[in-house]
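S.K.: Structure incoming, see below.
Numbering (my numbering), first residue to last: 57 to 284.
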């Protein structure tokens, strides 16, 4: 994430930074899903996301639009908050034990997530919310879960997001590869995860939350100092 934001603010033109940055969204999406299933209080978890989404909005606006008010793009924490609510709806349907309700809710939340992502103009729009839902619906280490992650992340990143395409040759054959496709490399560290929590403390937890708005604010001021 920091690499991507460095590329977008004070170190432009270094594509390798944003290629590394493509890994951030799948990793954060995966962690959000794991957070849902491991949190002791969903209300507090959602509350933290909401508070830091509010705190991050002005730094995000400054970094993205050089303005306190930038209504055409909202920070990624709003995407995650919407996705968290959609996951909870699916879990409520799952608890009912009714297959038809689960199918209807699953399809409905995918459609609702896509629409909300576009209408609210959150970061990555519909693709960000759908990335979270991919890790929710295909949570686990069964072969079909891993295959589902690859297939749907490929669709999201190559088709829905697309973007800059690199053209190169392999054994004389022309090959095209979308820059956004580097996001699939995030699956390598994610598949090495074995469900065990690493270092954790309240201080570290809030440092991770605070890093998001603070680093954007710092990059905004550095850009002013370096380029004005």
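Using N, Cα and C, we set each Cβ at its ideal position, and we do this for glycine too.
None of the values given here were measured: they were computed from a predicted structure.
Just tell me which of 140, 135 and 236 has its CA closest to the CA of residue 182.
M.R.: For residue 182, the nearest C-alpha among the options comes from 135.
S.K.: Start and end of the alpha helix (DSSP H) containing residue 229?
M.R.: From DSSP, residue 229 is part of no alpha helix (DSSP H) but of the beta strand (DSSP E) over 229 to 234.
S.K.: Could you tell me whether the stretch 106 to 115 touches the stretch 126 to 135, using the rule of 3 or more Cβ pairs below 8 Å?
M.R.: Taking 8 Å as the limit for Cβ pairs, the verdict is that the stretch 126 to 135 does touch the stretch 106 to 115.
S.K.: Can you pull the DSSP bridge partners for residue 130?
M.R.: DSSP output for residue 130 lists 178 as bridge partner(s).
S.K.: Could you compute how far the alpha carbon of residue 106 sits from the alpha carbon of residue 141?
M.R.: Answer to the nearest angstrom: the Cα atoms are 12 Å apart.
S.K.: Using a Cβ-Cβ cut-off of 8 Å (strictly less than) and excluding sequence neighbours within five positions of residue 175, which residues of its own chain qualify?
M.R.: Cβ within range, chain order: n/a, list empty.
S.K.: Within its chain, find whatever has a CB closer than 6 Å to the CB of residue 276; leave out the 5 residues flanking it on each side and keep chain order.
M.R.: Around residue 276: 118 and 119.
S.K.: Okay, do the stretch 64 to 74 and the stretch 163 to 177 touch, 3+ Cβ pairs below 8 Å being the bar?
M.R.: As far as the Cβ criterion goes, the stretch 64 to 74 does not touch the stretch 163 to 177, which means the pair count is below three.
S.K.: For the structure I just gave you, are there three or more beta carbon pairs, one from the stretch 149 to 158 and one from the stretch 81 to 101, closer than 8 Å?
M.R.: With the cut-off at 8 Å, the stretch 149 to 158 and the stretch 81 to 101 do not touch.
S.K.: Grouping DSSP H, G and I as helix and E and B as strand, with all else coil, what is residue 135?
M.R.: Looking at residue 135 - three-state DSSP - the assignment turns out to be helix.
S.K.: Would you call the stretch 261 to 268 and the stretch 242 to 252 in contact, with 3 or more CB pairs under 8 Å?
M.R.: No, the stretch 261 to 268 does not touch the stretch 242 to 252.
S.K.: So who's on the other strand from residue 223, going by DSSP bridges?
M.R.: Residue 223 is bridged to 232.
S.K.: Pick from 212, 235 and 206: whose alpha carbon is nearest that of residue 220?
M.R.: Considering only alpha carbons, the answer is 235.
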